[in-house]
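Colleague: Below is one structure. I have some questions about it.
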Amino acid sequence: MWKKRIIKILVVIVIVFIGYIYFVSHFHYSDGSRTGYLSKFAKKGYVFKTHEGDLYMGGATADNNTLVNNIWSFSAPTNENGAIDSLTKYEGKIVRLYYHQVISNMPWQGDTKYFVTKVEYVKEK
């Protein structure tokens, strides 16, 4: 009798845990776009190969004479709207990246919480 109760409790715990993981890794916390120079795009990872990149959005001055780089790191977990193909094609050019931010990322999704879903070419640098 007590074995059945423990099994039921464990099944409920596993279902709740899977639901939590799905919610946290798929809920869109924010959506937006950023424009800049696509300075890096690569496929990397030891176990899960993910597409990662950097967008250089220009420098800003701080403390009167110090130049601070503004680099935004992002992931492209799927080829939604041809995003991975476009990122490979437009590396080294100025692009606008549309993205959504999740609460937490899973290792197979990418290194960052920012997932690029669409890429627009703006102009050559």
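Note that the sequence shown covers residues 469 to 593 in this note's numbering.
For each residue, glycine too, the CB sits at the ideal point set by N, CA and C.
Does DSSP put V584 in a helix, in a strand, or in coil?
Modeller: On the sequence shown, position 116 is the one that residue 584 refers to. In the structure shown, V584 adopts extended strand secondary structure according to DSSP, grouped into three states.
Colleague: Taking the alpha carbon of A551 as the reference point, which residue from V480, I489, T585 has its own alpha carbon closest?
Modeller: Indexing the sequence shown from 1 puts residue 551 at position 83. Taking only the C-alpha atoms, the option nearest A551 is T585.
Colleague: Count the CB pairs spanning the stretch 547-561 and the stretch 505-515 that are closer than 8 Å, and state whether there are at least three.
Modeller: yes
Colleague: With burial defined as no fewer than 16 other Cβ atoms inside 10 Å of the residue's Cβ, what is the status of S595: buried or exposed?
Modeller: Any property of residue 595 remains undetermined from this structure, which presents the chain solely from 469 to 593.
Colleague: Where does the unbroken alpha helix (DSSP H) through I454 begin, and where does it stop?
Modeller: As displayed, the chain neither begins before 469 nor continues past 593, which places residue 454 out of reach and without an answer.
Colleague: I think I571 touches V484, with their Cβ atoms under 8 Å apart; what is that distance to the nearest whole Å?
Modeller: If you number the sequence shown from 1, residue 571 lands on position 103. If you number the sequence shown from 1, residue 484 lands on position 16. About 17 Å separates the two Cβ atoms, so there is no contact after all.
Colleague: By how many angstroms is the C-alpha of E588 removed from the C-alpha of Y524?
Modeller: Translated into the one-based positions of the sequence shown, residue 524 becomes position 56. Translated into the one-based positions of the sequence shown, residue 588 becomes position 120. Roughly 15 Å between the two C-alpha positions.
Colleague: With respect to the beta strand (DSSP E) encompassing T503, which residues constitute its N-terminal and C-terminal limits?
Modeller: Position 35 of the sequence shown, counting from 1, holds the residue named residue 503. 496-512 is the extent of the beta strand (DSSP E) around T503.
Colleague: If you count every other CB in all the chains shown that lies within 10 Å of the CB of A510, and 16 or more means buried, which is it?
Modeller: Translated into the one-based positions of the sequence shown, residue 510 becomes position 42. It counts as exposed.
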